Amino acid sequence: VHPILHRFIRAKASSNEGSKSILAKASSNQGSKSKVARSMARAVNSNPWSDEVESSLSSLLRPSESLSRTTVLQTLRLVKDPADGLRFFDWVSSKGFSHREQSF
428 VHPILHRFIR
438 AKASSNEGSK
448 SILAKASSNQ
458 GSKSKVARSM
468 ARAVNSNPWS
478 DEVESSLSSL
488 LRPSESLSRT
498 TVLQTLRLVK
508 DPADGLRFFD
518 WVSSKGFSHR
528 EQSF
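The sequence shown begins at 428 in the working numbering and counts up one residue at a time.
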């Protein structure tokens, strides 16, 4: 959750019980994305790029979900080798992800 949004929701939560559930859902969703990003980065960082790495990355995606901007950006930040970062960048593009300026 963006820090400003987090502060706003917390401030409103004291006067509105419903806001607490909104904050909990947003935080849970963010944690889930972070976990996927860490797992993807681990797959990329642990092995030379190969079909097996791509298969591992694909298995981390839920079938009904597309790659989120947050997950892609977090993964790119966690990948250690720039060449592997470029391969990941190309791989997500091949999966239909549209990069914006933040990816670069």
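Beta carbons: idealized from backbone N, C-alpha and C, even for Gly. All of these numbers come straight from a predicted model, not from anything done at the bench.
Measure the C-alpha to C-alpha separation of residue i and residue j and round it to an integer number of angstroms.
i, j, result
"D511", "S495", "19 Å"
"A468", "N474", "10 Å"
"E481", "W518", "8 Å"
"S521", "R514", "10 Å"
"L487", "L505", "16 Å"
"F524", "Q501", "14 Å"
"P509", "T497", "19 Å"
"S461", "R489", "14 Å"
"S477", "R527", "26 Å"
"N472", "S493", "22 Å"
"E479", "S466", "14 Å"
I believe residue i touches residue j by the beta-carbon criterion, under 8 Å. Please report the beta-carbon distance rounded to the nearest angstrom.
i, j, result
"L484", "A470", "6 Å"
Does the Cβ of residue i have 16 or more other Cβ atoms within 10 Å, making it buried, or fewer, making it exposed?
i, result
"L503", "buried"
Next item on the list: Output the residue ranges of the alpha helix (DSSP H) runs that lie fully inside the region 460–531 and measure 4 residues or longer, sorted by chain position.
Entry: 478–487, 496–505, 509–521
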